[in-house]
Amino acid sequence: MLRELINELASILAGRAYWLDVVLPPVLFVGVNAFFSFQTAMAAAVSLAAVVSVVRILRRESLLYAVAGLLAALAAVGIARFLGRDEGFFIPGIVTNGGTVLLAVGSVLAKRPLVAWTSYLTRRWPLDWYWHDRVRPAYSEVTWLWAGFFGLRLLGQLFFFMGADADSLALFNLALGWPAILVLLIVSYLYGRWRLRQLAGPSVEEFSQNVPPPWEGQPRGF
């Protein structure tokens with residue numbers, strides 16, 4: 050199971066290095082802010098995003114994520130300046146978390162769970178397979194888990210934002226940042242695999258070939 054988990058995480062993350070263009074500026078911001086001034090941290094985040102954009106241009110690579118990272122950093126700095134509050138830098142992240150929670154809850158209520166869509170975009174399994182009555186519940190339950198995680202992060206962010214505590218907000222974002230999200234992905238995969246076995250639904254191949262029950266189930270992946 051450990052080898053399977055490592056291989057699955059590697060397959061999910063492989064070829065997605067461009068996401069670092071968006072992730073690295075705020076991570077650098079948090080690190081610099083821990084040792085220097087807030088203004089220095091904002092300048093470092095924007096500078097890194099700009100450098101990444103230049104590197105992509107020189108290599109003639111996709112600018113989509115690099116530009117997204119630069120725009121996000123500039124917007125965060127602009128909001129902080131406009132409000133005259135350092136913690137305003139984190140408003141884009143707060144809004145993103147809130148949107149994720151709403152999207153997760155809404156997708157489950159619509160019986161089209163968010164986690165199923167993320168799996169589909171990664172694996173390209175038949176979309177109708179995810180909506181099967183003995184498959185969808187696993188993705189719905191994991192989506193509720195995601196809603197709880199991002200909801201908890203949203204509450205913490207709002208708490209420190211309302212308290213005008215930029216330093217604590219930065220540390221909180223670091224604590225519940227990518228390391229915590231990686232743990233979330235691991236738990237999601239382990240629970241999702243277990244739940245699919247409990248539901249005893251068809252595998253992707255069995256579904257595609259219209260194999261009647263009883264089914265062997267999906268041997269790997271979630």
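Sequential numbering from 50 applies to the sequence shown in our numbering.
The beta-carbon is built from N, C-alpha and C at its ideal position, and this holds for glycine as well.
Predicted, not measured: the structure shown is a model, and the values here were computed from it.
Inset, instruction - Name the two residues that bound the continuous alpha helix (DSSP H) containing residue 236. - result: 227-248
Inset, instruction - Spatial neighbours of residue 150 within its chain, please: CB distance less than 8 Å, with the 5 preceding and 5 following residues excluded, ordered by chain position. - result: 196, 199, 200, 203
Inset, instruction - Evaluate the contact criterion for the segment 117-129 versus the segment 164-180: three or more CB pairs, one atom per stretch, below 8 Å. - result: no
Inset, instruction - Take residue 153 and list the residues in its own chain whose beta-carbon comes closer than 6 Å to its own, dropping the five residues that flank it on each side. - result: 163, 192, 195, 196
Inset, instruction - State the CB to CB distance for the pair residue 78 and residue 99, rounded to an integer number of angstroms; the pair is presumed to be in contact (CB under 8 Å). - result: That belief does not hold up - the Cβ atoms of residue 78 and residue 99 are roughly 14 Å apart, past 8 Å.
Inset, instruction - For residue 178, name the three-state secondary structure that DSSP assigns. - result: Helix at residue 178.
Inset, instruction - Give the secondary structure of residue 64 by DSSP, where H, G and I count as helix, E and B as strand, and everything else as coil. - result: Residue placement at residue 64 cannot be trusted, given a pLDDT of 48 that sits under 50; what the coordinates show is reported in the next sentence. Reduced to three states, the DSSP call for residue 64 is coil.
Legend entry - Inter-residue Cα distance where the pair is residue 87 and residue 218: 12 Å
Inset, instruction - Determine contact between the segment 211-228 and the segment 133-149, defined as no fewer than three beta-carbon pairs at a distance below 8 Å. - result: yes
Inset, instruction - Determine, using beta carbons only, whether residue 270 and residue 249 come nearer to each other than 8 Å. - result: 8 Å or more divides the Cβ of residue 270 from the Cβ of residue 249.
Legend entry - Rounded straight-line distance, which links the Cα of residue 128 to that of residue 239: 39 Å
Legend entry - Three-state class that DSSP yields for residue 125 in the structure shown: Three-state result, residue 125: helix.
Inset, instruction - For residue 143, I'd like the list of residues in its chain whose CB is within less than 6 Å of its CB, leaving aside the five on either flank, ordered along the chain. - result: 206
Inset, instruction - Output the boundary residues of the alpha helix (DSSP H) element that contains residue 256. - result: Unbroken alpha helix (DSSP H) run through residue 256: 253-257.
Legend entry - residue 256 beta carbon less than 8 Å from that of residue 210: no
Legend entry - Burial state of residue 261 (16 or more Cβ within 10 Å): exposed
Legend entry - 8 Å Cβ cutoff met for residue 264 and residue 251: yes
Legend entry - Member of 75, 102, 186 whose CA lies at the smallest distance from the CA of residue 90: 75
Legend entry - Own chain, CB closer than 7 Å to residue 268, minus 5 neighbours either side, in chain order: 252
Inset, instruction - Counting only the same chain and skipping the five closest in sequence on each side, list residues whose C-beta sits under 8 Å from that of residue 178. - result: 184, 251, 253, 256, 257
Inset, instruction - Classify residue 159 as buried or exposed, calling it buried when 16 or more other Cβ atoms lie within 10 Å of its own Cβ. - result: exposed
Legend entry - Cα-Cα separation, residue 275 to residue 166: Within the shown structure, residues of the chain are numbered from 50 to 271, placing residue 275 beyond reach of any answer.
Inset, instruction - Determine the closest residue to residue 175 out of 259, 189, 85, with distance taken between C-alpha atoms. - result: 259
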